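Residues 215 to 607 (my numbering) make up the sequence shown, in order. Each residue gets a CB set at the ideal place from its N, CA and C atoms; glycine is no exception. Because the structure is a prediction, the values reported are computed rather than measured. Accompanying notes for the structure given below.
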Amino acid sequence: MTAPVATAPVTPPQIEFIDLKAQRRRLGENLDRALLSAVDEGAYILGPQVGRFEAALAAFAGAGHAIGTANGTDAIGICLMAMGLRPGDAVICPAFTFAATAEAVAWLGATPVFVDIDEKTYNLDPAALPLALETAARAGLKPRAVIAVDLFGQPADYEPIEAFCRDNGLKLICDAAQGFGASYRGRRVGSIGDFTTASFFPAKPLGCYGDGGAILTNDGESAELIRSLRFHGKGSDKYDNVRIGMNSRLDTIQAAILLEKLSIFEDEIAARQVVARRYAEGLADVAAVPFVMDGCVSVWAQYTIRVPAASRDGFMKAMKERGVPTNIYYPRPLNRQTAYARFPVAGNGLPVSERIAQEVVALPMHPYLTADVQDYIVAAARECLAALGEGAS
Ligand SMILES: *Cc1c(COP(=O)(O)O)cnc(C)c1O
Numbered sequence: 215m216t217a218p219v220a221t222a223p224v225t226p227p228q229i230e231f232i233d234l235k236a237q238r239r240r241l242g243e244n245l246d247r248a249l250l251s252a253v254d255e256g257a258y259i260l261g262p263q264v265g266r267f268e269a270a271l272a273a274f275a276g277a278g279h280a281i282g283t284a285n286g287t288d289a290i291g292i293c294l295m296a297m298g299l300r301p302g303d304a305v306i307c308p309a310f311t312f313a314a315t316a317e318a319v320a321w322l323g324a325t326p327v328f329v330d331i332d333e334k335t336y337n338l339d340p341a342a343l344p345l346a347l348e349t350a351a352r353a354g355l356k357p358r359a360v361i362a363v364d365l366f367g368q369p370a371d372y373e374p375i376e377a378f379c380r381d382n383g384l385k386l387i388c389d390a391a392q393g394f395g396a397s398y399r400g401r402r403v404g405s406i407g408d409f410t411t412a413s414f415f416p417a418k419p420l421g422c423y424g425d426g427g428a429i430l431t432n433d434g435e436s437a438e439l440i441r442s443l444r445f446h447g448k449g450s451d452k453y454d455n456v457r458i459g460m461n462s463r464l465d466t467i468q469a470a471i472l473l474e475k476l477s478i479f480e481d482e483i484a485a486r487q488v489v490a491r492r493y494a495e496g497l498a499d500v501a502a503v504p505f506v507m508d509g510c511v512s513v514w515a516q517y518t519i520r521v522p523a524a525s526r527d528g529f530m531k532a533m534k535e536r537g538v539p540t541n542i543y544y545p546r547p548l549n550r551q552t553a554y555a556r557f558p559v560a561g562n563g564l565p566v567s568e569r570i571a572q573e574v575v576a577l578p579m580h581p582y583l584t585a586d587v588q589d590y591i592v593a594a595a596r597e598c599l600a601a602l603g604e605g606a607s
């Protein structure tokens, strides 16, 4: 017999939603040295650390090329520029995602067409893709690409999406801002599709200490084009401007930090699996816990459970009272956001996205979540859900 779970601890532990300080302690002096030498060496723009990090990132993912960018949103925009996206073009993407996915499409005057998600994985539903083609055709738009999102760290269901893109002459961009480090049936995210984009925003599984991003591709010609686009469309040198580009480079200092973080990333991915397993064991009988597809490894950017829509606010408030931070990703699908409501949706609306947005709630998730703190979170969640259940009946 195990002891009954504590229901009223005297002082709740200080619980971080994502504990970046624990990682910082682990990186220790190696990080101090990497940071200082980047500053002292003085090659602040595209210094040697950037190239070293790009090579390490490509090797990690099993991709031919990696190109650092200023952030993950620019990374998507640059891929779209590389494929010559223009007004009149349509890009199919989910609405249950962070705004950046569709934002980059709109930058170029093209039109995002929103598709619904799968109710178990929260990722783009491959079966809904043909509806998006019909919607694009009705609107007189030319479909050019699909942006699949690895939401919460789980890879999108890439096999049927790849087949759909192949059959319809569409490019596949994998928005792996949350999914970098995950794998899909033996393939690492970053090696799939025409382009993969990553974000190193601090809270992402592989985060830096500021903004950062990258594009991965297996195509050498695209990689060259992307290197030009991120640097004002440069040609043979930086004062030879052969196309309209952007200023979107990964900082040398961030690359130096990322090299250190990448060296422990594999270990952190393994630690994230342990944390996710403990949550599933502790909560599966009282809440809808995440479903991971066969043959896939999530990198657990978020650990998102679902509770009845009517109980969610109460649940979050009760968790907060117990010292447990929670967050909602995402409270509204993009088709319900002011800036995106004018864009077309595939089929007769996005019922799954709309419903799931009312029910999701994310729990603290990071590789340094200890078993005792996690036990406390699980006990708190069980208690809060039970109390709300009684209130409802
Ligand atoms: C964070 C995020 C981005 C954007 O990354 P930034 O580096 O913040 O620009 C894009 N797509 C998704 C799904 C994200 O979660």
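Worksheet item: Cβ of Gly-427 within 7 angstroms of any heavy atom in ligand 1?
Response: yes
Worksheet entry | Leu-347, DSSP secondary structure in three states | helix
Worksheet item: What separation, rounded to the nearest whole angstrom, lies between the Cα atoms of Gly-404 and Ala-273?
Response: 10 angstroms
Practice prompt. Kindly indicate which residue of Arg-401, Phe-409, Gln-392, Ala-428 has the alpha-carbon position closest to the one of Ala-417.
Written response: Gln-392
Worksheet item: Ser-607 to Gln-237, Cα distance in whole Å?
Response: A caution first: Ser-607 carries a pLDDT of 48, below 50, which makes its placement in the model unreliable, though a value can still be read off. Straight-line Cα distance between these residues: approximately 43 angstroms.
Worksheet item: In angstroms, rounded to a whole number, what distance separates the CA positions of Ala-490 and Gln-228?
Response: 20 angstroms
Worksheet item: For Phe-394, which of helix, strand or coil comes out of DSSP?
Response: coil
Worksheet item: If you drop the 5 nearest sequence neighbours on each side, which residues of the same chain put their C-beta closer than 7 angstroms to that of Val-224?
Response: Its pLDDT being 48, under 50, Val-224 is placed unreliably in this model, and the value from its coordinates should be taken loosely. Contacts found: none.
Discussion item. Below 8 angstroms on the Cβ atoms is my contact criterion, and I expect Ala-318 with Gly-291 to pass it. Report the Cβ-Cβ distance as a whole number of Å.
Written reply: 4 angstroms
Worksheet item: Which term fits Tyr-258, buried or exposed, when burial requires 16 or more other beta carbons within 10 angstroms of its beta carbon?
Response: exposed
Discussion item. Give me the residue from Asn-541, Thr-518, Ile-483 with the minimum Cα distance to Pro-581.
Written reply: Ile-483
Discussion item. Assuming Gly-427 is part of the beta strand (DSSP E), what are its boundary residues?
Written reply: 427-431
Fill in: Between the CA atoms of Gly-561 and Ala-209 - distance to the nearest angstrom
For the chain, the structure presents residues 215 to 607; residue 209 sits outside this window and is missing.
Worksheet item: Ordered along the chain, which non-local residues of its own chain (more than five positions away) have a Cβ less than 6 angstroms from that of Tyr-372?
Response: Tyr-398, Ile-406
Discussion item. Judging by CA-CA distance, which residue of Asp-465, Gly-395, Arg-526 is the nearest neighbour of Pro-262?
Written reply: Asp-465
Item to complete: Using the Cα positions of Leu-384 and Gln-551, report the straight-line distance between them to the nearest angstrom.
Response: 26 angstroms
Worksheet item: Does DSSP put Phe-231 in a helix, in a strand, or in coil?
Response: coil
Fill in: Delimiting residues of the alpha helix (DSSP H) encompassing Phe-479
466-497
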